[in-house]
Amino acid sequence: MSVVVVQNLRKHYPMGEADVVGLDGVTLTIESGEFVAVMGPSGSGKSTFMHIVGLLDEPTSGRYAFEGSDVTSLSADERADIRSRRLGFVFQSYNLLPRTTALENVELPMIYAGVSEPKRERIALEKMDLVGVAHLREHNSNQMSGGQQQRVAIARSLVNEPALILADEPTGALDTKSSKDVMELFAKLNEEHGKTILIVTHEPDVAAYAKRVVTFRDGCIVSDERRAERAA
Ligand SMILES: Nc1ncnc2c1ncn2[C@@H]1O[C@H](COP(=O)(O)OP(=O)(O)O)[C@@H](O)[C@H]1O
Ligand SMILES: [Mg+2]
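Quick note: the sequence shown uses the working numbering, first residue 181, plus one each step.
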């Protein structure tokens with residue numbers, strides 16, 4: 181099944197006289213079970229693309245079908261509903277709530293989704309165990325390393341069983357060893373648990389964990405390469 185089908189996506193930012201072009205006609209399909217890395221130089225449109233795919237922003241023109249449904253002209257509330265139920269987000273800066281335990285952070289998306297309390301804790305601990313942070317359940321963000329915080333954030337992205345996990349520069353704030361651990365975790369989630377993953381990175385070492393690399397330049401896709409085996 182196709183999780184993402186975008187056709188001729190354009191995003192223009194009005195800037196006085198001349199528009200800034202964020203995306204200049206992007207067409208791409210992502211199937212269920214894929215692990216895709218988006219690469220490209222700074223300003224090439226990677227984040228703009230992720231924000232549109234993640235229903236955080238709307239294109240100026242073009243079509244977007246998510247899980248087979250046209251999401252091009254939904255209301256803000258309808259987009260927020262799909263975001264919370266069907267998409268998982270991982271950020272460069274982890275975005276964990278401060279003065280809140282790891283367990284509570286992982287439970288948060290289920291609170292928004294209306295999952296009952298005992299069930300929330302069970303699912304949160306199951307996902308924390310899967311990513312190797314169950315022992316940190318009572319730790320606050322300031323008591324965890326960057327790599328540990330990112331694993332907690334990945335557990336949080338999994339709790340609602342999203343159709344797609346979106347990660348924009350998930351290793352951007354991590355040292356080499358923690359980056360490797362986080363990328364091995366994404367590879368495991370893809371290979372052993374069938375998770376569909378789209379990550380943005382400008383580091384070839386990080387992109388090497390993906391099975392498909394899409395390269396952007398000036399708001400366009402300039403290459404799209406699949407490999408039988410991941411390179412890293
Ligand atoms: N909110 C915005 N307002 C104006 N221009 C923007 C905005 N967001 C992105 N852009 C412009 O769109 C282009 C693509 O940006 P972006 O998607 O952030 O690239 P990348 O993530 O690849 O670095 C750049 O020229 C950038 O300056
Ligand atoms: Mg960016």
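Idealized CB from N, CA, C, for every residue including glycine.
Residue i, DSSP secondary structure in three states
i: S198; result: In the sequence as presented, Ser is not what sits at residue 198; that position holds Ala. Strand, per DSSP.
i: Y292; result: helix
i: V218; result: strand
i: T209; result: strand
i: S224; result: coil
i: V362; result: helix
i: L378; result: strand
i: R406; result: strand
i: T280; result: coil
Enclosing beta strand (DSSP E) for residue i [first to last residue]
i: S241; result: S241 to F246
i: G268; result: L267 to F271
i: T395; result: R392 to R397
i: G347; result: According to the sequence provided, residue 347 is Ala. The question's Gly does not apply to it. Here the beta strand (DSSP E) through A347 covers L344 to D348.
Of the residues the options, the one placed nearest residue i, counting alpha carbons only
i: P342; options: N275, P221 and K307; result: K307
i: M181; options: I303, S227, V313 and F246; result: F246
i: V402; options: P221, A335 and N320; result: P221
Range covered by the alpha helix (DSSP H) that runs through residue i
i: V301; result: In the sequence under discussion, the amino acid at residue 301 is Glu, which differs from the Val named in the question. E297 to L310 is the extent of the alpha helix (DSSP H) around E301.
i: D385; result: P384 to A387
i: R331; result: G326 to L338
Anticipated Cβ contact below 8 Å, residue i with residue j, distance rounded
i: R243; j: V186; result: 7 Å
i: V286; j: V332; result: 6 Å
i: T281; j: R259; result: Rounded, the Cβ-Cβ distance is 30 Å, inconsistent with contact.
| Pocket of ligand 2 (residues with CB nearer than 6 Å to any heavy atom), chain order | K226 and S227
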